[in-house]
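Below: one structure, written as structure tokens.
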Amino acid sequence: MKKNCFCDAHIHLSHCSLPVNLTDYEYMCCSSCFTREEFITLENRPSGILLSYGIHPQNPDMKEAEYLETLAREKKIHAVGECGYDLFTQDFRSKLDEQERAFDFQLECAHTYSLPLVIHSRKAADLLFKKIRELKKIKAVVFHSYGGTMTEALSFLKKGVNAYFSFGKPLLNGKKSALECASKIDITRLLLETDAPYQTLKDETQTYPEQIIDVYKKACELREVPEEDFMNQIRDNFTRAFLSQ
């Protein structure tokens, strides 16, 4: 009998460890890497652990661009990113030109090699809407830790972007926009994540991969769907987003 499966759409396994208390479940995730060293530590990973590689907008250094393209060309990664824009601080805003250059490169890379794109966006929805023509060409666009509004999410879909919206611990923290989107967005467009070891709640020192259980529980409550049906739906969404041909 097939086990139920927890799917974590965004995690950094090179900075934490695999969950240890999910033995009664299958586990799948997409782990994000930014350096060769991070990627190499995960090359001998268990099955079900997918990898993405990207140039993060907080550090939009193009020195890894050639390596990223090699990984994409040789089909050694399942997605490009996380990438996008981060205008949350003045320091990040000062790097906007570099962020733009890195994002354009990764958009082209995802399109050329028919890979999903994992988006990181803070205070930058308007910039992403300017890239609609490019985003529509991408196989699947996963909005990691989606922080936009329901109206913006619907607009991406209506404009023809094959978008998926991933939510994590802000659901546990009571963030209103995340709660609204996670409860109302078309359930076939919903993904869940931990972003472990990051995105901590108050008084936490780190996020653990096992906390995907808490995220699932909260999202399932919001959707008012039977647990097994909900888990199967998220698995289907994860598979379409990252593994569809």
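666 is the number of the first residue of the sequence shown in the numbering used here; add one for each residue after it.
For glycine and all other residues, C-beta sits at the position ideal for the given N, C-alpha and C.
Everything numeric in this text was worked out from a predicted model, so none of it was measured.
Within the same chain, S717, A744, G746, E747, V807 and H809 come within 6 Å of V783 by CB-CB distance, once the 5 residues on both sides are set aside. Proximity of the stretch 698 to 714 to the stretch 770 to 779 falls short of the contact definition, fewer than three beta-carbon pairs being nearer than 8 Å. About 6 Å separates the Cβ atoms of S831 and H675, confirming a contact at the 8 Å cut-off. Burial state of L866 is exposed, judged by a 10 Å Cβ sphere holding fewer than 16 other Cβ atoms.
Bridge partners of E691 according to DSSP: C670.
Per DSSP, D901 is one residue of the alpha helix (DSSP H) stretching across E892 to L908. In the three-state scheme derived from DSSP, where H, G and I count as helix and E and B as strand, F794 is classed as helix.
When the Cα atoms are used, D894 and F671 turn out to be separated by approximately 12 Å. Contact check for L844 against D879 fails: the beta carbons are separated by 8 Å or more. The closest CA to that of K849, considering only D762, A861, E858 and M815, is found on M815. The beta carbon of I852 sits closer than 7 Å to the beta carbons of R888 and Q898 from its chain, once the five residues preceding and following it are set aside; these are given in chain order. Per DSSP, Y881 has no beta-bridge partner at all.
Under a 10 Å Cβ-count criterion, L678 is classified as buried, with 16 or more other Cβ atoms of the shown protein chains found around its own Cβ. DSSP lists F832 as the bridge partner or partners of L857.
The count of Cβ pairs closer than 8 Å, one atom from the stretch 790 to 806 and one from the stretch 818 to 825, reaches three, so the stretches are in contact. For I705, the enclosing alpha helix (DSSP H) has its first and last residue at R701 to T706. The beta-carbon separation of T859 and T872, rounded to 5 Å, stays under the 8 Å limit for a contact. Here the C-alpha atom of L800 lies approximately 22 Å from the C-alpha atom of F753. In the DSSP assignment, C748 falls outside any alpha helix (DSSP H) and lies within the beta strand (DSSP E) extending over A744 to D751. Setting aside the 5 residues that flank it on each side, Q764 is surrounded in the same chain by P722, P725 and Y750, each with a C-beta closer than 6 Å to its C-beta; the list follows chain order.
Assignment of R888 by DSSP, reduced to helix, strand and coil, places it in the helix class.
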